[in-house]
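Engineer:
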Amino acid sequence: TLISFLSISSSSGPGGMEPDGVIETNCATLVENFDDMNLKENLLRGIYAYGFEKPSAIQQRAIVPCIEGNDVIAQAQSGTGKTATFVISILQRIDMSLKETQALILAPTRELAQQIHKVVMALGDYLNCVCHACIGGTNVRADILKLQATSPQIVVGTPGRVFDMIKRKVVHPDCIKMFVLDEADEMLSRGFKDQIYEIFQELPTDIQVVLLSATIPVDVLEVTTKFMRDPIRILVKKEELSLEGIRQFYIDVCKEEWKLDTLTDLYETLTITQAVIFVNTKRKVDWLTEKMKEKDFTVSAMHGDMEQKDRDLIMKEFRSGSSRVLITTDLLRLTTIWSNFSHFNVSFTVNQLVDDGVNKLTLAGMMYRMWVL
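Following this note's numbering, the numbering of the sequence shown begins with 18 at its first residue and continues without gaps.
Dropping the structure here:
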């Protein structure tokens, strides 16, 4: 079903930007159902098998323009379905019979790149697509051998390792038709600007560029003006995000030192199958973990200073149910690993909720309760 909605034609800033760094929407249609997007039958099977029922707001607006080959800028908060938006678009556009790299996805972190890889493999399960994750911190030689052996149609990775593989002529850019920059603002804030530009210079001149970002600061705008041609601009505002089915609660704790007692009171009062506790620093992860263990609570902890193999093990234990409580930083905010997690979430620091509450809550509609301390 195609439904028209009001497009904004005025331009109060450069490149369709408003003065506060918000893009102006110039897309006039949305598609409310996956069945109406003219997707491959086996792609639809993968979408429904993954658990999707209806496209999110960003998917309703962005998938069709991407499939049609347009350059697209999509601005929406993390956790709104941006990953599936470009993955579905890529899987629809690439030629599965061609064993060459046809889509390149850049992500700011190894964790996000690995998760995108998992989403590609899940949604493309019935298409027999080949995807490879190029990420730093792994053995370069092993990466080269796997790329040469598999000839992936989709490559996802962090800018440094991807550029290295291109310069080594292991990733061949000649057949790449889609270039996706996921969490572009985060990538640029991490200092990847030069590497992104260098990668772009190696790609075909007629390549389609899809950029996704929660914010559009000046450096992201520069990328859009240099890389993109007459892009479709799509903005999903916070008020359009749905928290349907998610119950939220707020507990006003007057003093910082009372938070721990309040948290433990909750666990003694409620029956909780599994829970994630978000805190805002790695130091607080360690502190809260120690304090919870002192009170005989069985908890797991994870943050960015840990070895990747240790993080993988902790997540495996948590997802299997071996661990009931996970204390973590916002390391996981950008991922979609929580698609099957539907229990309990605590944000230990109130200012985390102000800007990020919707992000965490909309990760696949993962939580039905939220307590903020």
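Where is the CB? At the ideal position from N, CA and C, for every residue including glycine.
Taking DSSP as the reference, what is the three-state secondary structure of ARG250?
Structural biologist: Here residue 250 refers to the residue found at position 233 when the sequence shown is read from its first residue. Three-state DSSP puts ARG250 in a strand.
Engineer: Return the CA-CA distance between ILE152 and ALA159, expressed in angstroms with no decimal places.
Structural biologist: Position 135 of the sequence shown, counting from 1, holds the residue named residue 152. Position 142 of the sequence shown, counting from 1, holds the residue named residue 159. So the two alpha carbons sit approximately 12 Å from each other.
Engineer: So what does DSSP say about PHE314, is it helix, strand or coil?
Structural biologist: On the sequence shown, residue 314 is found 297 positions in, with the first residue counted as 1. Coil.
Engineer: Between MET182 and ALA79, what straight-line distance do the alpha-carbon atoms span, to the nearest angstrom?
Structural biologist: Locating residue 182 in the sequence shown gives position 165, where the first residue counts as 1. Locating residue 79 in the sequence shown gives position 62, where the first residue counts as 1. Spanning the two alpha carbons is a distance of roughly 30 Å.
Engineer: What do you reckon, are the CB atoms on THR298 and VAL342 nearer than 8 Å?
Structural biologist: In the sequence shown, the residue the question calls residue 298 occupies position 281. In the sequence shown, the residue the question calls residue 342 occupies position 325. No, the Cβ-Cβ distance between THR298 and VAL342 is not below 8 Å.
Engineer: Mind pulling the beta strand (DSSP E) runs of 3 or more residues that sit fully within the region 127 to 183?
Structural biologist: Look at the region 127 to 183 and you find these whole runs of beta strand (DSSP E), each 3 residues long or longer: 148 to 151, 171 to 174.
Engineer: Should GLN165 be labelled buried (16 or more other beta-carbon atoms within 10 Å of its own) or exposed?
Structural biologist: Stepping through the sequence shown from its first residue, residue 165 is reached at position 148. Its Cβ having fewer than 16 others within 10 Å, GLN165 is exposed.
Engineer: Taking all protein chains shown into account, decide if GLN119 is buried (16 or more other Cβ within 10 angstroms of its Cβ) or exposed.
Structural biologist: Sequence index remark: in the sequence shown, residue 119 carries index 102 (1-based). GLN119 counts as buried, since at least 16 other C-beta atoms from the protein chains shown sit within 10 angstroms of its C-beta.
Engineer: Which value, in whole angstroms, describes the spacing of the CA atoms of ILE303 and LYS333?
Structural biologist: Position 286 of the sequence shown, counting from 1, holds the residue named residue 303. Position 316 of the sequence shown, counting from 1, holds the residue named residue 333. As written in the sequence, residue 303 is Asp, which differs from the Ile given in the question. Taking the Cα positions, ASP303 is about 20 Å away from LYS333.
Engineer: Which residues does DSSP pair with GLN92 in a beta bridge?
Structural biologist: The count along the sequence shown starts at 1 and reaches residue 92 at position 75. Note: GLN92 sits in a beta bridge opposite SER230, LEU252.
Engineer: Please say whether PRO234 and ASP211 have beta carbons closer to each other than 8 Å?
Structural biologist: Working through the sequence shown from its first residue, we reach residue 211 at position 194. Working through the sequence shown from its first residue, we reach residue 234 at position 217. Taking 8 Å as the Cβ cut-off, ASP211 and PRO234 do not qualify as a contacting pair.
Engineer: Assuming contact is defined by CB atoms lying nearer than 8 Å, are LEU220 and GLY174 in contact in what I supplied?
Structural biologist: As a working mapping, residue 220 is identified with position 203 in the sequence shown. As a working mapping, residue 174 is identified with position 157 in the sequence shown. No, the Cβ-Cβ distance between LEU220 and GLY174 is not below 8 Å.
Engineer: Answer yes or no: do ALA101 and GLN76 have a C-beta to C-beta separation smaller than 8 Å?
Structural biologist: Position 84 of the sequence shown, counted from the start, is the residue given in the question as residue 101. Position 59 of the sequence shown, counted from the start, is the residue given in the question as residue 76. A contact, by the Cβ cut-off of 8 Å.
Engineer: Would you mind sorting GLY96 into buried or exposed? The rule is 16 or more other CB atoms within 10 Å of its CB.
Structural biologist: Counted from its first residue, the sequence shown places residue 96 at position 79. That one is buried.
Engineer: What runs of the beta strand (DSSP E), each 3 residues or longer, lie entirely inside the region 320 to 345?
Structural biologist: 342 to 345
Engineer: To the nearest angstrom, how far is the alpha carbon of PRO169 from that of LYS272?
Structural biologist: Working through the sequence shown from its first residue, we reach residue 169 at position 152. Working through the sequence shown from its first residue, we reach residue 272 at position 255. The straight-line gap from Cα to Cα measures roughly 54 Å.
Engineer: Would ILE216 and PHE180 qualify as a contact pair, given that the criterion is a beta-carbon distance under 8 Å?
Structural biologist: Within the sequence shown, numbered from 1, the residue matching residue 216 stands at position 199. Within the sequence shown, numbered from 1, the residue matching residue 180 stands at position 163. Yes, Cβ-Cβ distance for ILE216 and PHE180 is below 8 Å.
Engineer: Would you mind sorting GLU274 into buried or exposed? The rule is 16 or more other CB atoms within 10 Å of its CB.
Structural biologist: Here residue 274 refers to the residue found at position 257 of the sequence shown. GLU274 should be labelled exposed.
Engineer: Using beta-carbon positions only, say whether PRO176 and MET204 come within less than 8 Å of one another.
Structural biologist: Taking the first residue of the sequence shown as 1, we reach residue 176 at position 159. Taking the first residue of the sequence shown as 1, we reach residue 204 at position 187. Taking 8 Å as the Cβ cut-off, PRO176 and MET204 qualify as a contacting pair.
Engineer: How many angstroms separate the CA atom of THR241 from the CA atom of CYS146?
Structural biologist: Within the sequence shown, the letter at position 224 stands for residue 241. Within the sequence shown, the letter at position 129 stands for residue 146. THR241 and CYS146: Cα-Cα distance of roughly 29 Å.
Engineer: Relative to the C-alpha of MET245, which candidate in VAL227, VAL253, THR232 has its C-alpha closest?
Structural biologist: Mapped onto the sequence shown, residue 245 falls at position 228. When only C-alpha atoms are compared, the closest one is VAL227.
Engineer: Helix, strand or coil, according to DSSP, for ILE294 in the structure here?
Structural biologist: Working through the sequence shown from its first residue, we reach residue 294 at position 277. Looking at ILE294 - three-state DSSP - the assignment turns out to be strand.
Engineer: Can you find the residues in the same chain that come closer than 8 Å, C-beta to C-beta, to LEU144, ignoring five residues on each side of it along the sequence?
Structural biologist: As a first step, residue 144 must be located in the sequence shown, where it is residue number 127. The answer, listed in chain order, is LYS57, ASN59, LEU60, GLY63, LEU108, MET113.
Engineer: Run the CB neighbour count on ASN368, radius 10 Å, all protein chains shown included, and call it buried at 16 or more, exposed below.
Structural biologist: Taking the sequence shown and counting its residues from 1, the one referred to as residue 368 is at position 351. Annotation note: pLDDT 48 at ASN368 (below 50); position unreliable, no value reported.
Engineer: State the Cα-Cα distance for the pair ALA139 and CYS148, rounded to the nearest angstrom.
Structural biologist: Here residue 139 is taken as the residue at index 122 of the sequence shown, counted from 1. Here residue 148 is taken as the residue at index 131 of the sequence shown, counted from 1. Looking at the two C-alpha atoms, the distance is approximately 11 Å.
Engineer: In its own chain, which residues sit with a C-beta less than 6 Å from the C-beta of LEU121, not counting the 5 before and 5 after it?
Structural biologist: Looking up residue 121 in the sequence shown gives position 104. Residues of the same chain with a CB within less than 6 Å of the CB of LEU121, apart from the 5 flanking positions on each side, are VAL172, ILE193, PHE196 in chain order.
Engineer: Quick check on this structure: which residue in SER340, ILE111, LEU252, LEU280 has the alpha carbon closest to the alpha carbon of GLY86?
Structural biologist: For the purposes of this step, residue 86 is identified with residue 69 of the sequence shown, where counting begins at 1. Comparing Cα-Cα distances from GLY86 to each of SER340, ILE111, LEU252, LEU280, the minimum goes to ILE111.
Engineer: List the residues that DSSP assigns as beta-bridge partners of PHE209.
Structural biologist: As a position in the sequence shown, residue 209 is number 192, starting the count at 1. Paired residue(s): none; PHE209 is not in a bridge.
Engineer: Let me make sure I understand the geometry here. Which of MET309, LYS301, LYS243, THR155 has the alpha-carbon closest to that of ASP278?
Structural biologist: Sequence index remark: in the sequence shown, residue 278 carries index 261 (1-based). Closest by alpha carbon: MET309.
Engineer: Given ASP322, which residues of its chain have a CB within under 7 Å of its CB, disregarding the five upstream and five downstream residues?
Structural biologist: Taking the sequence shown and counting its residues from 1, the one referred to as residue 322 is at position 305. Closer than 7 Å at the Cβ level, and outside the excluded window around ASP322, lie LYS299.
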